[in-house]
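Just so we're aligned: the sequence shown equals residues 1 to 116 in my numbering.
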Amino acid sequence: MHELSIATSLFEQVQRHTPPATRVSGLRVRIGPMQGIEPDSLRFGWEVVWKQSQSDGSAPVPELALEMLPWRLTCPQCSRKWESAELYVACECGCATPAIDGSSELQLVSIEVQDK
Ligand SMILES: [Zn+2]
1 MHELSIATSL
11 FEQVQRHTPP
21 ATRVSGLRVR
31 IGPMQGIEPD
41 SLRFGWEVVW
51 KQSQSDGSAP
61 VPELALEMLP
71 WRLTCPQCSR
81 KWESAELYVA
91 CECGCATPAI
101 DGSSELQLVS
111 IEVQDK
């Protein structure tokens, strides 16, 4: 499952950025549509990865806030750039094959920690 490997890499990033005893309460992730991620699958994968990492199973699963970005498209004919929830859309000028611009982000934006 694609989402499980992404959840694993998120978990590794969280570990790198927080001291071992830190209580992580949530994280915010920005995801481009090129990643093809199903938010529910990623939340599930995250839960699995997190629970496996807790030897005593006591720490609650940090909340995963997902920021799903729209497609960024560029028209090869009129150079218009725009954002769209749909990939297969035609440009206003009639060009039916806009090019994808970026859209492959997978970025851990922030980590929330709880004071003890
Ligand atoms: Zn156009």
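Glycine is no exception: its CB is placed at the ideal position from the N, C-alpha and C atoms.
Query	Result
Close beta carbons around residue 61, own chain, < 6 Å, minus the five adjacent residues each side	47, 50
Stretch pair the region 96-111 + the region 25-40: three plus CB contacts closer than 8 Å	yes
8 Å contact criterion, which residue 83 and residue 72 should meet: CB distance rounded	6 Å
Reduced DSSP category for residue 90 - H, G, I as helix; E, B as strand; rest coil	coil
Contacts around residue 99, its chain only, beta-carbon distance under 8 Å, and the 5 residues preceding and following it disregarded	73, 74, 75, 76
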